[in-house]
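Visitor:
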Amino acid sequence: MANELAVEAASRPRAGVPPRRARRSTLAAPRRTKTAYLFLAPFLVLFLVFVAGPAVFGLWISLTNWSPFRDTQQFIGLKNYIDLFTPDSATSGDFWQSMGATGIFTVASVPFLLVIPLLIAQLLNRKIRGGTVFRAVFFAPYVLGVAVIGVIWKYLLDTQSGIVNHVLGMLGLPSDIPWTVNVPWVWVSLVGVTVWWTLGFNTVIILAGLKGISADLYEAAALDGAGPFRTFFSVTLPGLRQVMTFVVTVTILASANMFGQSYILTKGGPGNQTRTAIMYISDQGLSQNNMAAASAMSYVLFVFLAIISVINFRLQRERTERAPR
Amino acid sequence: MTSLTSQKPVAGGEEAPRTRPSRRRRSPRRTAGRVVLYVVLALVTLLIVLPLVWIVLTSFKTDSDAIRNPFSAFPAPWSMDAYITLASGQQPIFRWFLNSLLAATLQTAIILVTASAAAYALARLEFWGKKIVFGAIIATLLVPPVIFLIPNYLIVQNLGWLDTIWAISIPGAASAFGVFFLRQFFIGLPVEIEEAARIDGAGDIRIFLQIVIPLARPALATLAVLSFLANWNDFLWPVYVLLSPENLTLQPGLAQLQGAYSTHFAIVMAGAVIASIPVLILFSIAQRHIVDSVASSGVKG
C-alpha cells in the first residue's frame, strides 16, 4: 500500500516545479556526502579498528622488535624479514618447514577439490529426480565446524577403534593403517577429510556455472557429432572458465589457510611434518610471544598467496584471449 | 526411477528406426547410463551420510560399550550416559553452547545493522570518496585472515576484551562480505519506488528503513544465516582469545573435550552431536538460501 501511495505521488504534477526538473534531480542523484557517511559510520568504525587498522598495525609490528615483555618497541627495519630468509636464524627453519607443509597440503588437496566437484556437478546437471536433495546433502558437511569435523574423523580414522580400518579389513585390505599418526597416511587423511568436508561448496558453485552454459552450444556440438569427451573439453570447460577461475582461487586460498584439520587430527605431527604455516604463525605469535617475527611471517605468506592469485588470474585470462571466438 | 527409464526405449523404437538408426541402439545405453548415474549419486550420498550416522549412533552407546564394541553399529543398550556425563562433568559444554549462541547472535545482529546501512550508502548515494571506500572494503575480501590475527589480538587485549564475549563477537562483525553482498542486492532493487518516496518528501533514513529494508528481507535472512554459521564454526580465533574453561565456545571446547576424553569416544561424539544440532537445524530450514547464495558467488564474481 505504501508503494501505491508513493507511485501515485510520483505521477502527481507539482505546483511551481516543472516535472522535468524534479525528475532530473532524483535521477542524477546529487552528492549527499554527509548523509552517506552517516550511514557508513557504524560499519566504518568497526572496519577501521578491526580490519584496515590491524592490516597497517601488523605491518608496523613486523618492522619492530615487538614483545609483550618490553615497554617500548624499536623500529628495526626489515630485520624480521631478513631473519626469515637467513638459513640459521631462530625461526627460519621451522617457518619454511611449515610453509612446505602448507604447500604439500595445497598441491595434494586442490586437484581433488576441483575434479571431484566437477564430476559430481556434471552428474547433478542431468535431468534427475531429487537434484536439489542431492545438492543439499552433498553441501551439508560444509556447515559443520572444523572442530566437529576434526573430532569425528579422529575417531573414524582411529587405528584400532576406527570404523574406516575395520571396513578396509572386511574388504580384505590392510586394517591397521595409522591414518592420523604416520606419513604418508596423515596427508591422505588431511586431504580426504577436507574433500569430504568441503566438496559440496565447490560442487554447488560449479553446478550454477554449468546451468549458465547455453543448451544451444550442446546441441550444436551434438550436431557436429562431438562425443561426450569432446563436448566436455570444447563446450563445458570453456563455458566454465569464469566460474573455475573463481573456484580455483578460492580453493587455493582455503587450502593455504588450513589450520583446524591439522590442529585436531594430527596435532601437526608426526614430528612437525603436518604443522601448517597458519599453525606455526599463530603459535609463534600468540603462544610463544614472538609477535614481531610472526607478523613478518604472515606478510610473507600473504605475498606468496597474492603472487599465486595473480598468476592464476593471468593464466585464465591468457587462455580466454587465446580461445577462438 | 524405473518408470522414468523404461519409457524411453519404447518411444525411441517406435518412431525412429528409419530416420535415425543410431537412436534405437543408444536408448538402452542411455538407460544403463541413468542407472549408473543414480548408483554413483547414491554412493556419494552414503559416503557423506554414513559417517554422520555412525557418530550419532556412537554417542548413544555406554562408555564401556563404545570402547569394547567399537564396530557394532547399534548401541547395546541404548543410553544417554554420554550426554549425562557431559551435562554433569567438569567440561561445561552447556555453558559453551550458551556462549556460542550468544556470540553468534550478537555478531549477526551487529553485521545486519552496520552492513545494511553501509551497503545502502554504497548502492544508492553519491558521495565524496565512494570509490576509495568501496575499493578498500573489497580489497580486504582477498586478504588472508592470518594478517589480522596478531594485531587484532593486541587490540582486543588493549581493550580488555581477552577472555570475554566481546572478543569473539565484535572484531568479526566488521563484515566486508556482508556489505558487498547486500550492496549487490540493493543495486538489483527497482529504484523507482525509492524515487517516488523521495519526491513525496521522505528522507534517506525513512527510505532505508521503510522501503529498502522490507524489500531486502530475503537477502538479510541469508546474510544472517551465513554470519551465524561463520561465527558458530569459527575455530582459530577463539582458541587463542578465550582462556578460562567456562568462557570457551563449542568449537575450541570440542578440541578440549577431545583432549580430556581421548579414548571415551561416546562422550566426545555426544559433544560433536551437541555442537552440530543447531547448525544442522538452521541448514535444513534455510538450505535453499544458503546453497543458492553460495552457488551465485562464482557466477557473479
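As you go down the protein sequences, you meet chains L and A in turn.
Residue numbers 81 to 405, in the working numbering, belong to the letters of the first sequence in order.
Residue numbers 60 to 360, in the working numbering, belong to the letters of the second sequence in order.
Just so it is clear, CB atoms sit at the ideal spot from N, CA and C, and this is done for glycine as well.
Every value quoted in this text rests on a predicted model; they were computed, and no experiment measured them.
Tell me the start and end of each unbroken beta strand (DSSP E) in the region 101-156 of chain A that is at least 3 residues and wholly inside, in chain order.
Guide: Whole beta strand (DSSP E) segments, 3+ residues: zero.
Visitor: To the nearest angstrom, report how far apart Asp151/L and Asn145/L are at their CA atoms.
Guide: If I take the Cα positions, the gap works out to 11 Å.
Visitor: With a 10 Å radius around its C-beta and 16 neighbouring C-beta atoms as the bar for buried, classify Ser147/A as buried or exposed.
Guide: It is exposed - the Cβ of Ser147/A has fewer than 16 other Cβ atoms within 10 Å.
Visitor: Based on DSSP bridge pairs, tell me the residues matched to Thr144/L.
Guide: According to DSSP, Thr144/L bridges with Phe155/L.
Visitor: Which residues, in chain order, does the region 119-146 of chain A contribute to contact with chain L at a C-beta distance below 7 Å?
Guide: Going along the region 119-146 of chain A in chain order, one finds Pro129 and Phe130 with a Cβ nearer than 7 Å to chain L.
Visitor: Shorter than 7 Å from the beta carbon of Ala300/L to some beta carbon of chain A?
Guide: No - not a single Cβ of chain A is within 7 Å of the one on Ala300/L.
Visitor: Is the beta carbon of Gln346/A closer than 7 Å to that of Ala216/L?
Guide: For Ala216/L and Gln346/A, yes; Cβs fall inside 7 Å.
Visitor: According to DSSP, Arg209/L sits in a beta bridge with which residue or residues?
Guide: None; Arg209/L has no bridge partner.
Visitor: Of all the residues that make up the region 290-303 of chain A, which are near chain L by a beta-carbon distance shorter than 9 Å?
Guide: Correct list: Trp291, Asn292, Asp293, Phe294, Leu295, Val298, Tyr299 and Val300.
Visitor: Counting along the chain, where does the alpha helix (DSSP H) carrying Pro210/A start and finish?
Guide: Start and end: Val205 to Asn217.
Visitor: At least one CB of chain A closer than 7 Å to the CB of Leu225/L: is that the case?
Guide: The sequence given here has Gly at residue 225/L, not Leu. Chain A contact via Cβ: present.
Visitor: Answer yes or no: do Asn282/L and Leu193/L have a C-beta to C-beta separation smaller than 7 Å?
Guide: Contact flag set, yes.
Visitor: So which of Ala177/A, Ile209/A and Asp351/A has the shortest CA-CA distance to Tyr299/A?
Guide: For the residues Ala177/A, Ile209/A and Asp351/A, the minimum Cα distance to Tyr299/A belongs to Ile209/A.
Visitor: For Arg89/A, does the three-state DSSP call read helix, strand or coil?
Guide: Arg89/A falls in the helix class under three-state DSSP.
Visitor: So if I threshold CB-CB distances at 8 Å, which residues from the region 95-108 of chain A count as touching chain L?
Guide: Residues passing the 8 Å Cβ filter: Leu96, Tyr97, Val99, Leu100, Val103, Thr104, Leu106, Ile107 and Val108.
Visitor: Taking 7 Å as the threshold (C-beta atoms), are Gly289/L and Gly357/A in contact?
Guide: Against a cut-off of 7 Å, the Cβ pair of Gly289/L and Gly357/A comes out as a contact.
Visitor: Per DSSP, Arg111/L forms a beta bridge with which residues?
Guide: According to DSSP, which records beta bridges pairwise, Arg111/L is partnered with Glu185/A.
Visitor: Report the option in Leu145/A, Ala135/A and Thr90/A whose CA atom is closest to the CA atom of Ala14/A.
Guide: Outside the shown range of chain A (60 to 360) lies residue 14/A, about which nothing can therefore be said.
Visitor: Quick check: is the beta carbon of Thr274/L nearer than 7 Å to any beta carbon in chain B?
Guide: The structure shown contains no chain B; its protein chains are L and A.
Visitor: Using a Cβ-Cβ distance under 7 Å, would Pro277/A count as near chain L?
Guide: No, Pro277/A does not count as interfacial toward chain L.
Visitor: Pairs of beta-carbons, one from the region 256-272 of chain A and one from the region 166-185 of chain A, closer than 8 Å: are there three or more?
Guide: Verdict: yes, contact present.
Visitor: When you compare each of Thr115/L, Ile232/L, Phe127/L and Gln396/L to Leu320/L by their alpha carbons, which one comes out closest?
Guide: Residue Gln396/L is the option with its Cα nearest to Leu320/L.
Visitor: Under 7 Å, Cβ to Cβ, is there at least one residue of chain A near Ile388/L?
Guide: No, no contact with chain A.
Visitor: Going along chain L in order, which residues have a C-beta closer than 7 Å to the C-beta of Tyr212/A?
Guide: Within 7 Å Cβ-Cβ: Leu366.
Visitor: Against Phe281/L, what residues of chain A qualify as contacts under a CB-to-CB distance less than 7 Å, listed in chain order?
Guide: Those are Val353, listed as they occur along chain A.
Visitor: Can you round the beta-carbon distance between Ala178/A and Arg242/A to whole angstroms, since I take them to be within the 8 Å contact cut?
Guide: Right, the Cβ-Cβ distance comes to about 4 Å (below 8 Å), so this counts as a contact.
Visitor: Should Ala219/L and Val284/L be called a contact, given that it needs their Cβ atoms to be closer than 7 Å?
Guide: For clarity, residue 219/L is Phe in the given sequence; the question names Ala instead. Going by C-beta atoms, Phe219/L is nearer than 7 Å to Val284/L.
Visitor: Using 8 Å as the threshold, is the region 247-267 of chain L in touch with the region 306-325 of chain L, meaning 3 or more CB pairs across them?
Guide: Too few Cβ pairs lie closer than 8 Å, so no.
Visitor: Provide the residue span of the alpha helix (DSSP H) that contains Pro297/A, from first to last.
Guide: Run containing Pro297/A: Leu295 to Val300, per the alpha helix (DSSP H) assignment.
Visitor: How is Ser81/A classed by DSSP in three states: helix, strand or coil?
Guide: For Ser81/A, the predicted structure reports a pLDDT of 48, less than 50, and the residue's modelled location is therefore unreliable. A value from the coordinates is still provided. It is helical.
Visitor: Less than 7 Å between CB atoms is the rule here; does Arg394/L satisfy it with respect to chain A?
Guide: So, not an interface residue.
Visitor: Mind listing the chain L neighbours of Gly357/A? Cutoff is C-beta to C-beta under 7 Å, in chain order.
Guide: The contacting residues are Ile285, Ala288, Gly289, Val323, Phe326 and Val327.
Visitor: When the Cα atoms are used, what is the spatial distance from Thr104/A to Phe214/L?
Guide: So the two alpha carbons sit approximately 7 Å from each other.
Visitor: Taking 7 Å as the CB-CB limit, is Val315/L close to chain A?
Guide: Taking Cβ atoms only, chain A never reaches closer than 7 Å to Val315/L, which makes this a no.
Visitor: Would you report the Cα separation of Asn205/L and Val323/L, rounded to the nearest angstrom?
Guide: If you take the alpha carbons of Asn205/L and Val323/L, they lie about 15 Å apart.
Visitor: Can you have a look at Val350/A and say buried or exposed, based on whether 16 or more other CB atoms are within 10 angstroms of its CB?
Guide: Its Cβ being crowded by 16 or more others within 10 Å, Val350/A is buried.
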